[in-house]
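These protein sequences, in sequence, are chains C and G.
To convert a position in the first sequence, counted from 1, into our numbering, add 3.
To convert a position in the second sequence, counted from 1, into our numbering, add 77.
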Amino acid sequence: MEIPYTSKPRPDTGLYNAKIGIWLFLASEVMLFGALFSSYILLRVGSRVEDWPSGLLNIPIGTFNTAVLIISSVTVVMAWASLKMNQFGKFKMYMICTVLCALAFLCIKSFEYRDKFMHHEIWLNKAITVKRDGKEVEVTRLTGHFEDHRMFVTLPKLKAAGTEHIEFEADPHHYSEDKLAMRKKGEHEKVEIAVADIKRISAFVPAHSTYFAIYFTLTGLHALHVLGGAVVMAFIACSSGMWKRDPERQTNRVEVAGLFWHFVDLVWIFLFPVLYLL
Amino acid sequence: MSDHAQAHDDHDVSKHIRGYLIIGATLIVGTVLTVLASYVDLGHHWNIILALVIATIKASLVALFFMHLISEKQMIYTVLAFTVIFFCALMFLTIGAYHSLPVHTVTH
Chain C
4 MEIPYTSKPR PDTGLYNAKI GIWLFLASEV MLFGALFSSY ILLRVGSRVE
54 DWPSGLLNIP IGTFNTAVLI ISSVTVVMAW ASLKMNQFGK FKMYMICTVL
104 CALAFLCIKS FEYRDKFMHH EIWLNKAITV KRDGKEVEVT RLTGHFEDHR
154 MFVTLPKLKA AGTEHIEFEA DPHHYSEDKL AMRKKGEHEK VEIAVADIKR
204 ISAFVPAHST YFAIYFTLTG LHALHVLGGA VVMAFIACSS GMWKRDPERQ
254 TNRVEVAGLF WHFVDLVWIF LFPVLYLL
Chain G
78 MSDHAQAHDD HDVSKHIRGY LIIGATLIVG TVLTVLASYV DLGHHWNIIL
128 ALVIATIKAS LVALFFMHLI SEKQMIYTVL AFTVIFFCAL MFLTIGAYHS
178 LPVHTVTH
């Protein structure tokens, strides 16, 4: 049985079916991301300023990744336009560029995740002295990393390993100081800490704080969308049978995949300032 | 589609290509502006508002031009109108929840 209206528009809606389908799907996606955004807002306004980490994400990398996603949005719309103009070769080139951009985005994001897994925060039972802008101050919370760049360190793991002291490369600033403190340059300070003095230690993972919980939920869900989109784009780029059989349907396929891709870009346009800059 | 209509369509699309490139460049400029604006201390609330205004403008450009919402069929606008209503209701509930939330209950 042939599926109707895969390439010709339905007389009552004026649209081919897949286009209605993708827009209904995107409407449901708006609610999915909307629900998570509203969770983010409530978590943020409900927390004290010093408990809400800011400046822990790498802004230049985030900006570059945003640009990568924007470029991929341009290439996918160019791929669609190439098919409309009957230029299959150009279409293929733009589609491959889109897939490469998607892979670059995921690759950069995974490096960012890895960096977070190596970074830790330590809450101390008693204050220790560290340098802040050349002055000595007493602190009970430190962020930084281990010399050997270990990941996922927790207090039970340290105790189980029988560790008595740790060497910690403390960051020059802590996010509770002020909004822009983390953006200031500075040297890491090597600090020796007795495990007995540690109240809690956590890598920058979802368990660290509500901030990282919502950060990984939002960016993880977004990354899954990028991955899904990349798989679909790669499939469309590699298959040329549909173009020979029914060029209009192939063009519609690209348009529908493109609509999904632009939505993924659109979500990132909001995620980037909300998570990286505010 | 007749050959004449196809030719007309091709011409229309080729006219849009320049537009897509300009929108792409504008979006990248918008991203740089968002980053620069975050370095200016306007007061916490104004920083948030400015960042969201720039993000909304960028998102509108994507939706209007890349997603062709500037010239779509009525059916899609109807679907989106419902989406907007439900999204606003969701955010309205969020604001309601904020007012009934005990202050500073979220730690870490």
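We put the beta carbon where it would ideally sit given N, CA and C, even for glycine.
Quick check on this structure: which residue in the options has the alpha carbon closest to the alpha carbon of residue i?
{"i": "residue 175(G)", "options": "71(C), 45(C), 34(C), 30(C)", "result": "45(C)"}
{"i": "residue 268(C)", "options": "181(C), 232(C), 258(C)", "result": "232(C)"}
{"i": "residue 153(C)", "options": "186(C), 141(C), 118(C)", "result": "118(C)"}
{"i": "residue 255(C)", "options": "5(C), 4(C), 6(C), 11(C)", "result": "11(C)"}
{"i": "residue 100(C)", "options": "141(C), 65(C), 75(C), 190(C)", "result": "75(C)"}
{"i": "residue 2(C)", "options": "229(C), 210(C), 164(C)", "result": "This structure cannot speak to residue 2(C), because chain C is shown only from 4 to 281."}
{"i": "residue 92(G)", "options": "84(C), 133(C), 7(C), 49(C)", "result": "84(C)"}
{"i": "residue 151(C)", "options": "158(C), 123(C), 141(C)", "result": "123(C)"}
{"i": "residue 222(C)", "options": "94(C), 116(C), 18(C), 49(C)", "result": "116(C)"}
{"i": "residue 157(C)", "options": "19(C), 204(C), 270(C)", "result": "204(C)"}
{"i": "residue 102(G)", "options": "120(G), 139(G), 117(G)", "result": "139(G)"}
{"i": "residue 224(C)", "options": "4(C), 9(C), 19(C), 40(C)", "result": "40(C)"}
{"i": "residue 55(C)", "options": "237(C), 213(C), 252(C)", "result": "213(C)"}
{"i": "residue 120(C)", "options": "95(C), 148(C), 43(C)", "result": "148(C)"}
{"i": "residue 53(C)", "options": "219(C), 249(C), 143(C), 217(C)", "result": "143(C)"}
{"i": "residue 189(C)", "options": "200(C), 195(C), 177(C)", "result": "177(C)"}
{"i": "residue 262(C)", "options": "37(C), 249(C), 23(C)", "result": "23(C)"}
{"i": "residue 236(C)", "options": "220(C), 259(C), 246(C), 226(C)", "result": "259(C)"}
Report yes or no: is there a C-beta of chain C within less than 8 Å of the C-beta of residue i?
{"i": "residue 176(G)", "result": "no"}
{"i": "residue 130(G)", "result": "no"}
{"i": "residue 120(G)", "result": "no"}
{"i": "residue 136(G)", "result": "yes"}
{"i": "residue 90(G)", "result": "yes"}
{"i": "residue 106(G)", "result": "no"}
{"i": "residue 110(G)", "result": "no"}
{"i": "residue 156(G)", "result": "yes"}
{"i": "residue 167(G)", "result": "yes"}
Leaving out the 5 sequence neighbours to the left and right, which residues in its chain are closer than 6 Å to residue i when beta-carbon positions are compared?
{"i": "residue 96(G)", "result": "none"}
{"i": "residue 197(C)", "result": "168"}
{"i": "residue 266(C)", "result": "29"}
{"i": "residue 264(C)", "result": "79, 232"}
{"i": "residue 207(C)", "result": "119, 122, 215"}
Return the chain-ordered list of same chain residues with a C-beta closer than 8 Å to the C-beta of residue i, the five sequence neighbours on each side being excluded.
{"i": "residue 111(C)", "result": "64, 67, 68, 71"}
Who are the near neighbours of residue i in its chain, counting only those whose CB is closer than 7 Å to its CB and skipping five residues on each side?
{"i": "residue 107(G)", "result": "131, 134, 135"}
Would a check of beta-carbon distances place residue i closer than 8 Å to chain B?
{"i": "residue 140(G)", "result": "As a matter of chain content, chain B is missing from the structure shown, whose protein chains are C and G."}
Closest Cβ-Cβ distance between residue i and chain G: below 8 Å?
{"i": "residue 118(C)", "result": "no"}
{"i": "residue 60(C)", "result": "no"}
{"i": "residue 44(C)", "result": "yes"}
{"i": "residue 268(C)", "result": "yes"}
{"i": "residue 8(C)", "result": "no"}
| Where are the alpha helix (DSSP H) runs, 4 residues long or more, that stay fully inside the stretch 80-147 of chain C, in chain order? | 91-121
| query | Hey, is the stretch 31-43 of chain C in contact with the stretch 154-174 of chain G, meaning 3+ C-beta pairs nearer than 8 Å? | reply | yes
| field | Entirely enclosed beta strand (DSSP E) segments - the stretch 196-272 of chain C, minimum 3 residues | value | 201-206
| query | Given 8 Å as the limit, is there contact between the stretch 130-138 of chain C and the stretch 242-251 of chain C, that is, 3 or more CB pairs closer than that? | reply | no
| request: Pick out the complete beta strand (DSSP E) segments inside the stretch 149-198 of chain C, 3 residues or longer, and give them in chain order. | output: 168-173, 192-197
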